[in-house]
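K.L.:
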Amino acid sequence: MSGAIEKTSVARTLGYLAWVIVMAFFFANAEIQIEGGAGWATSLPTWRIENSIWLDIFWGGRAMTGYHAWVFTFMALVFFSPLAFNGRWTWRDVGLAVAGLIVFWVCEDFSWFLVNPAFGWERFNPVDAFWHKHWMWGAPVDYWGGLAVAALILGTRHWPRKKTQ
1 MSGAIEKTSV ARTLGYLAWV IVMAFFFANA EIQIEGGAGW ATSLPTWRIE NSIWLDIFWG
61 GRAMTGYHAW VFTFMALVFF SPLAFNGRWT WRDVGLAVAG LIVFWVCEDF SWFLVNPAFG
121 WERFNPVDAF WHKHWMWGAP VDYWGGLAVA ALILGTRHWP RKKTQ
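Residue 92 in my numbering sits at position 92 of the sequence shown; the count goes up by one each step and never skips.
Here's what the structure looks like:
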């Protein structure tokens with residue numbers, strides 16, 4: 001770049017987020033085929049770490065499973081792959097990848113509940129979705145916190161900046 005500040009249109013970011021939501025829907029359906037009605041890999045032949053202070057702090061109290069360790073890492077690599085392929089690691093691009101990844105996981109998880117024949121809207125609650133330990137306003141706290149962080153990142157991405165010379 002010539003030193004000029006790149007302007008990213010809001011429409012382009014919204015298009016990106018629409019794509020992220022479509023990806024989340026498809027991934028949720030694939031995950032339903034893998035997990036069935038047993039959410040958070042409770043019936044998969046994978047290792048599990050439960051009841052750790054670190055999981056309470058960084059993982060919302062959920063178990064860490066081998067399945068999720070590999071899937072979460074893979075999806076992070078997917079979202080950061082454009083940066084690696086372009087060889088451009090700007091804060092704006094990293095922010096977009098992080099925000100996209102957050103929106104992806106919130107939408108994927110919510111879609112998993114809505115589309116899963118074993119769950120649906122009726123079972124989207126703290127009793128049936130017991131692996132989500134903390135709820136607020138009818139949804140897991142992680143959803144609200146994640147969406148707030150993503151909105152903050154995306155908001156700063158479009159905040160007017162002074163041109164420097």
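Positions of the beta carbon are idealized from the N, C-alpha and C atoms, including for glycine.
With which residues is R48 paired in a DSSP beta bridge?
P.N.:
Beta-bridge pairing links R48 to T65.
K.L.:
Please return the same chain residues whose Cβ sits closer than 8 Å to the Cβ of L147, not counting the five positions on each side in sequence.
P.N.:
I102, V103, V106, listed in sequence order.
K.L.:
Check for me: the alpha helix (DSSP H) holding V141 runs from which residue to which?
P.N.:
Note, V141: alpha helix (DSSP H), 141-158.
K.L.:
What is the rounded straight-line gap between the Cα of V20 and the Cα of L14?
P.N.:
V20 and L14: Cα-Cα distance of roughly 10 Å.
K.L.:
Return the Cβ separation of G66 and W131 in integer angstroms, given the expectation that the two are a contact with Cβ distance under 8 Å.
P.N.:
The Cβ separation is near 15 Å, so there is no contact.
K.L.:
Checking 7 Å against the spacing of the C-beta atoms, do E50 and A69 come in under that value?
P.N.:
No, these two residues do not count as a Cβ contact at 7 Å.
K.L.:
In the structure shown, what three-state DSSP assignment does G3 receive?
P.N.:
Because G3 carries a pLDDT of 44, less than 50, the predicted location of this residue cannot be relied on, and the following value inherits that uncertainty. Here G3 sits in coil by DSSP.
K.L.:
Enumerated in chain order, which unbroken segments of the alpha helix (DSSP H) with a length of 4 residues or greater are wholly contained in the stretch 64-111?
P.N.:
Qualifying alpha helix (DSSP H) stretches, in chain order: 66-86.
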